[in-house]
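Engineer: Here it is, the structure in full.
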Amino acid sequence: MLSNETLILILVFAAFGAWFWHHLGIRQVALGHARRTLKEEGVQLLDQSIILARIRPCRSDETLFAFKRYYQFEFTSIGDRRFLGWVIMVGRKLEKVEMQPYNERNWLQ
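Final position of the sequence shown in full-length UniProt numbering is 109; the numbers increase by one with none missing.
Below, the structure is given as structure tokens:
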């Protein structure tokens with residue numbers, strides 16, 4: 001029979017594993033939003049990845065408590081310059097996608 005300490009430890013690891021799995025799912029949703037937005041803008045996602053830049057608790061429309069996640073990615077318009085972009089998610093819901101100005105004509109002036 002398991003002791004109380006062992007049972008609590010197993011439950012803590014299981015809860016952490018479930019949270020981590022949930023986080024990976026939200027990351028995939030955010031990556032999909034970034035890819036779709038960049039395709040619509042006609043620019044290219046670099047490194048085919050996004051990173052979690054910041055996470056903080058917030059209130060959402062559906063629940064009293066949610067996490068606001070800021071994912072950062074890099075993209076290029078013609079291949080020789082890197083620009084930053086962000087996907088902001090509240091829970092599993094997209095809040096917005098932001099991108100640095102990338103119009104090459106502005107950089108050349």
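For each residue, glycine too, the CB sits at the ideal point set by N, CA and C. Remember, predicted model here, so these are calculated numbers, not experimental data.
Assuming PHE83 and TYR102 are in contact, meaning their beta carbons sit under 8 Å apart, how far apart are those beta carbons, in whole angstroms?
Structural biologist: Contact between PHE83 and TYR102 holds: their C-beta atoms lie close to 5 Å from each other, under 8 Å.
Engineer: Which residue's Cα is closest to the Cα of ASP47: ARG59, THR76 and ARG69?
Structural biologist: THR76
Engineer: Looking at C-alpha atoms only, which residue of GLY42, LYS93 and ASN4 is the closest neighbour of ALA30?
Structural biologist: Comparing alpha carbon positions, the residue from GLY42, LYS93 and ASN4 closest to ALA30 is LYS93.
Engineer: Note down, one range per segment and in chain order, each alpha helix (DSSP H) of at least 4 residues found wholly within the region 65-100.
Structural biologist: none
Engineer: How is LEU2 classed by DSSP in three states: helix, strand or coil?
Structural biologist: LEU2 falls in the coil class under three-state DSSP.
Engineer: Going by the CB atoms, is the gap between GLY91 and ALA66 shorter than 9 Å?
Structural biologist: In this structure, the beta-carbon distance from ALA66 to GLY91 falls below 9 Å.
Engineer: Should MET89 and ILE10 be called a contact, given that it needs their Cβ atoms to be closer than 9 Å?
Structural biologist: no
Engineer: Residues bridged to LEU52 by DSSP?
Structural biologist: DSSP lists TYR71 as partners of LEU52.
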